[in-house]
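**Student:**
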Amino acid sequence: MKAYRFGYLLVIVWLIWMFYGFNTYNDGLEESKMFYILGIAALGLIIFPIYFIGVYAFGSFVRKKR
73 MKAYRFGYLL
83 VIVWLIWMFY
93 GFNTYNDGLE
103 ESKMFYILGI
113 AALGLIIFPI
123 YFIGVYAFGS
133 FVRKKR
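With positions in the sequence shown counted from 1, the corresponding number in the numbering used here is that position plus 72.
(1) Please report the distance separating the alpha-carbon of S104 from that of S132.
(2) To the nearest angstrom, how far is it from the Cα of K137 to the Cα of F130?
(3) Are the beta-carbon atoms belonging to I109 and G93 less than 8 Å from one another?
(4) Run through the segment 95 to 131 for me and flag every whole beta strand (DSSP E) of 3 or more residues, listed as ranges in chain order.
(5) Go ahead and pull the three-state DSSP assignment for R135.
This is the structure we're talking about:
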């Protein structure tokens with residue numbers, strides 16, 4: 073259960089950072105910042121589902137082993 077709480081906390085921090093990044097982005101001055109924000113968004117969309125599926129699979133494996 074702690075792994076899920078840790079994952080939820082990471083997702084919330086990631087979402088807050090994403091919204092903050094999109095709101096503070098300046099079109100003319102920081103072109104590379106948008107690439108960085110979009111890269112982190114893409115990584116989050118890939119990594120977080122894998123994390124939660126892995127936690128679920130590990131928990132199921134441990135329960136079946138008992």
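Using N, Cα and C, we set each Cβ at its ideal position, and we do this for glycine too. Just so it is clear, the structure is predicted and the values come from calculations on it, not from any experiment.
**Tutor:** Quick look at the numbers:
(1) Taking the straight line from one Cα to the other gives about 42 Å.
(2) Rounded to whole angstroms, K137 and F130 show a C-alpha spacing of 11 Å.
(3) Pairing I109 with G93 gives a Cβ-Cβ distance under 8 Å.
(4) With a minimum length of 3 residues, no continuous beta strand (DSSP E) run stays inside the segment 95 to 131.
(5) In the structure shown, R135 falls within a helical segment according to DSSP collapsed to helix, strand and coil.
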